[in-house]
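Participant: Numbering (UniProt numbering), first residue to last: 1 to 314.
Each residue gets a CB set at the ideal place from its N, CA and C atoms; glycine is no exception.
1. Count the C-beta pairs between the segment 153-170 and the segment 186-196 that are closer than 8 Å, then say yes if the count reaches three, no if not.
2. Please return the same chain residues whose Cβ sits closer than 7 Å to the Cβ of residue 262, not counting the five positions on each side in sequence.
3. Assuming the contact rule is C-beta atoms closer than 8 Å, residue 299 and residue 195 should be a hit. Round their C-beta distance to whole Å, please.
4. Where does the unbroken alpha helix (DSSP H) through residue 187 begin, and where does it stop?
5. Can you check whether the CB of residue 224 is closer than 8 Å to the CB of residue 242?
6. For residue 1 and residue 80, what's the separation of their Cα atoms in angstroms?
7. Under the rule that 16 or more other beta-carbon atoms within 10 Å means buried, what is residue 48, buried or exposed?
8. With a CB to CB cut of under 6 Å and the five nearest residues on each side skipped, what residues in its chain are close to residue 238?
9. Touching or not, the segment 58-74 and the segment 94-103, by the rule of three or more beta carbon pairs under 8 Å?
10. Take every Cβ of the segment 162-178, pair it with every Cβ of the segment 282-290, and state whether three or more of those distances are shorter than 8 Å.
11. Once the 5 residues before and after residue 103 are set aside, which same chain residues still bring their CB inside 6 Å of it?
12. Tell me the rounded alpha-carbon separation between residue 313 and residue 171.
13. Helix or strand or just coil, what does DSSP make of residue 13?
14. Would you tell me roughly how many angstroms separate the C-alpha atoms of residue 46 and residue 268, rounded to the nearest one?
15. Throw me the rounded Cβ distance for the residue 138 and residue 10 pair, which I believe falls under 8 Å.
16. I need the DSSP call for residue 258, collapsed to helix, strand or coil.
17. For residue 219, which residues in the same chain have their Cβ closer than 7 Å to its Cβ, ignoring the five residues on either side in sequence?
18. Classify residue 121 as buried or exposed, calling it buried when 16 or more other Cβ atoms lie within 10 Å of its own Cβ.
19. Within the continuous alpha helix (DSSP H) that includes residue 34, where are the two ends?
20. Fully enclosed by the segment 118-163, which beta strand (DSSP E) runs are 3 residues long or longer?
21. Among 117, 62, 148, which one has its Cα closest to the Cα of residue 183?
22. Between the segment 26-43 and the segment 112-121, do three or more beta carbon pairs fall short of 8 Å?
23. Here's a check: name, in chain order, each residue in its chain whose Cβ is nearer than 7 Å to the Cβ of residue 266, leaving out the five neighbours to either side.
24. For residue 2, which beta-bridge partners are listed by DSSP?
25. Residue range of the alpha helix (DSSP H) that residue 269 falls in?
26. Less than 8 Å separating the beta-carbons of residue 198 and residue 303?
27. Look at the alpha carbon of residue 131 and the alpha carbon of residue 272, and state the distance between them as a whole number of angstroms.
28. Can you give me the C-alpha to C-alpha distance between residue 83 and residue 280, rounded to a whole angstrom?
29. Which residue from 109, 62, 235, 270 puts its Cα closest to that of residue 176?
30. If we call anything under 8 Å between Cβ atoms a contact, is residue 59 one with residue 41?
31. Could you tell me whether the Cβ atoms of residue 209 and residue 200 are closer together than 8 Å?
32. Does residue 298 get closer than 8 Å to chain C when you measure Cβ to Cβ?
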């Protein structure tokens, strides 16, 4: 299969490498000027979790393009959430009839999040990967599991194509019946995590404080009314974060989920992404519904997004 990845980000690079290893042709679309900036290779230091735990260390040659041509079997877009509207606008005109996998975190309703793209040419999914890129070196990794929405009317052929692609590279698919609700819950969980990240200073820093994940649970509790107000319902992870006593939750995350040596911890240790946008989106939604979010709002006041929320109040 010939696959174009929209952007040469963390998620795109890791899955592109795995697909190339499985015999597929992978290329990247990047913005004008980025071809020279990125160069023709990237240094990989990532953990492959499809079968056990294998460290990949290599300089990987990649092919970059600054335009999108109608010659691909599939386009995969995995971008920062705030970049998705621009990506959708470009793909609506440049992708032609090529099907698209939106491999992304999303807070808006799915249809409006990709406008003016047609829902009939798009499938939504979510990766099982993490880490960061700095100085042209990718450090992180990916798990065996990926998440894909179950076929909607009109997307059956696209879903099947994507299924065959991931299975050819030995990934296991978790099929999500209600992708909208699943993504709402996951986005809220990200906002809960980012609130603590702003408090501690970075994603890796929260691993060094015993009460970090207790606070994440408290942050999540604050957002449940917002989730319900927009028609969503807490899923299993949200219920875990909100029903388990904070102290016990801290032990569970520190000793089990993010235990020393675990892939989840390794991914977090190299996460250098900027925190705040997920909080901003949830706080904006809460304001519309008249729901107070004191913990999240206080975090925004200590981030670069504080002016954005002040402007939305005025």
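Facilitator: Concretely, from the data shown:
1. no
2. none
3. 4 Å
4. 179-200
5. yes
6. 25 Å
7. buried
8. 185
9. yes
10. no
11. 76, 78, 125, 127
12. Confidence is the limiting factor: at residue 313 the pLDDT is only 45, short of 50, which leaves the residue's position unreliable and the question unanswerable from this model.
13. helix
14. 12 Å
15. 7 Å
16. coil
17. 192, 195, 196, 295, 296
18. buried
19. 34-38
20. 122-126, 129-134, 137-143, 145-149
21. 148
22. no
23. 47, 141
24. 25
25. 263-269
26. yes
27. 7 Å
28. 15 Å
29. 235
30. yes
31. yes
32. Absent from the structure is chain C; it holds one protein chain and no more.
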